[in-house]
Amino acid sequence: MKPYTLISVDGHAGLPTAQYRDYLERKHHAAFDEELEQLALLRKGFLTAGKNAKQTPLMYQAHMHRYSDPGNGEMQERIRGAWDLDVRLKELDAEGVIGEVLFPDGQGFNSFPFGGFFGEHPVPIRDPELRAAGARAHNRWLAEFCAASGGRLQGVAMIMPFDIWQAVADVRWAYAAGLRGIVLPPPDETYPPYHEAVFDPLWAVCAELGMAVHSHGGDPPKIYGQNIASQTLAILELGFFRRRILAQLMFGGVFVRHPNLRFVYTEVGIDWLPNFIELLEHVYHNDWLRMGRAPKQWLSLSPKDAWARNCAAAATAATFDEIQQARRLGFDTVMWGADYPHVEGGWPHSWDEIRQAFATVGDDDRRKMVGENAARFYRFDPQLIESLVAKIGPPAGTFVSDEAPQRPEFSVHDFTNGWVNTYGGFARNMRWSLDSPDTHPDSRPNAKRDS
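Residues in the sequence shown are numbered consecutively from 5, following my numbering.
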């Protein structure tokens, strides 16, 4: 049999924050300088807002341990692939990954200007113009980064929805620049909910251009204060806010009005999705249809049918239990993600992770989820795929194991939706960050790969 096509649909990339200056409109440089000063304080362990300085929560310290501790020198070099293309392609080659779909970053001191909803935030940025300008700066750099990869990297543009016609223009610019999808922030009180008709021009242009719309795990709302429990509660509730967008799109009739629109959940876990879709289906049949609560056109596509036709999910750092749940979603709608270079992802142990998570899945379905679905969904060049698979693709049988799958010693996927897995995660990194660097998992040699 031929080698596996391995494509990660969840990777992260971004410049060290200060280097975004060249991609940011000059009129925003003064505000950017102020943000850089605040970030410098944050990275030293303080959160500043006006005259009040508060210690950064432990979760932030743990979150950054891998990037700042001198004991992790080798790992620090390897994660430079977040902005260094040569390093990134070397890491992809080492894992047999022929392609990636890239989202914004923020874990390695490389948040894009003014935050958006990824990465570090010295203080919450409420100015819509600044948030949108920062997103455009990232998109400009990302387009250059992906263009230099020879087709291996597919970039996802960050779109801020404050001004819908500016958002439409940003999508058209992103497509012309070679990016192949967009990512939106979760529903927020600063703009209308996504089921409102005001967003129809955005859905229309995405459907027209084949730009998949993504909802990606990111920062929770700034509603938790600065208590010692704040960050823990934020992580626990992170996935709740992402779930809202699917219900809004389905019950807003978006997939009926825009049948070619594609939607993807990324790094929010997949184990919760089958039950959530069942809930939407129940509401659809027993509330909307029976009680006649919706205009007739909205009733022509059930949530299950909309999922099968228009939607997909990324199994980022997948666990065995998640892939069992994927059977209910349909293996054709699930795609694997490594999450390079993040602490909670499967990299650099992706082969071991896949071998465990996909242990009881037939090889044809395994091949779909680890790469073939992504190749089709994101329209990677077939000739490029064929040539790269022949060079670096994992050999046939790599992910087939006679060993019984083992559940992780500690996993909180069920309620954090994708932030912790067998090899890493914030909770473990918090614990390790408070010990010596020698106990941190990045001090271990790479897991041996059996082919």
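We put the CB at the ideal spot given by N, CA and C, even for glycine. All of these numbers come straight from a predicted model, not from anything done at the bench.
Asked                                                                                                                        : Found
Cβ distance (whole Å) where Glu285 is taken to contact Gly221 below 8 Å                                                      : Actually they do not touch by this definition, with Cβ atoms about 24 Å apart.
Neighbourhood of Arg246 by C-beta, 6 Å cutoff - its chain only, sequence neighbours within 5 removed                         : Pro190, Ser219, Val272
N-terminal and C-terminal residue of the beta strand (DSSP E) that Tyr269 is part of                                         : 267-270
For Ala321 and Leu213, the rounded distance between their alpha carbons                                                      : 29 Å
N-terminal and C-terminal residue of the beta strand (DSSP E) that Gly185 is part of                                         : 185-188
Burial state of Asp37 (16 or more Cβ within 10 Å)                                                                            : exposed
Every unbroken beta strand (DSSP E) inside the stretch 152-229 [3 residues or more]                                          : 157-159, 185-188, 216-220
CB contact flag (Gly244, Leu253, <8 Å)                                                                                       : The question names Gly, yet the displayed sequence has Phe at residue 244. Contact: no.
For Cys315, the residue or residues it bridges with in DSSP                                                                  : Phe267
Gly243 in three-state terms, based on DSSP                                                                                   : helix
Rounded straight-line distance, which links the Cα of Tyr228 to that of Ile239                                               : 11 Å
Beta-carbon separation (whole angstroms), Leu134 vs Phe118, contact threshold 8 Å                                            : 4 Å
Segment contact, 8 Å Cβ cut-off, at least three pairs: the stretch 384-404 with the stretch 7-21                             : yes
Endpoints, alpha helix (DSSP H) assigned at His286                                                                           : 277-287
Option in Asn290, Leu388, Asp275, Gly256 with minimal Cα separation from Arg332                                              : Asp275
Buried or exposed by the 16-neighbour rule on C-beta atoms within 10 Å, applied to Glu413                                    : In this prediction, Glu413 has a pLDDT of 48, which is less than 50 and means its spatial position is unreliable; what the coordinates show is noted afterwards. So Glu413 counts as exposed.
For Leu51, the three-state DSSP class (helix, strand or coil)                                                                : For Leu51, the pLDDT reaches just 46, beneath the cut-off of 50, and the residue's location in the model is therefore unreliable, leaving the point undetermined.
Exposed unless 16 or more other CB atoms sit within 10 angstroms - verdict on His289                                         : exposed
Of the residues Phe324, Val347, Phe255, Trp355, the one placed nearest Ser304, counting alpha carbons only                   : Phe255
Exposure label - Ser391; buried when at least 16 CB within 10 Å                                                              : exposed
Cβ pair Gly110, Gly18 closer than 8 Å                                                                                        : yes
Beta carbon of Glu81 nearer than 8 Å to that of Tyr344                                                                       : no
Phe107, enclosing beta strand (DSSP E) - first and last residue                                                              : 103-107
Proximity below 8 Å, CB of Arg156 to CB of Ile102                                                                            : yes
Straight-line gap, Cys315 to Thr337 (C-alpha atoms, nearest Å)                                                               : 7 Å
Coil, strand or helix - Thr320 by DSSP                                                                                       : strand
Under 8 Å between C-beta atoms of Gly341 and Ala318                                                                          : yes
Residue span of the alpha helix (DSSP H) that contains Trp355, given as start and end                                        : 354-361
Top-ranked residue by Cα proximity to Gly100, from Gly375, Val175, Arg261                                                    : Gly375
Collapsed DSSP secondary structure at Ser12 in the structure displayed                                                       : strand
Chain-order list of residues whose beta-carbon lies under 8 Å from that of Leu277 (same chain, five-residue window excluded) : Tyr269, Ala317, Gln329, Leu333
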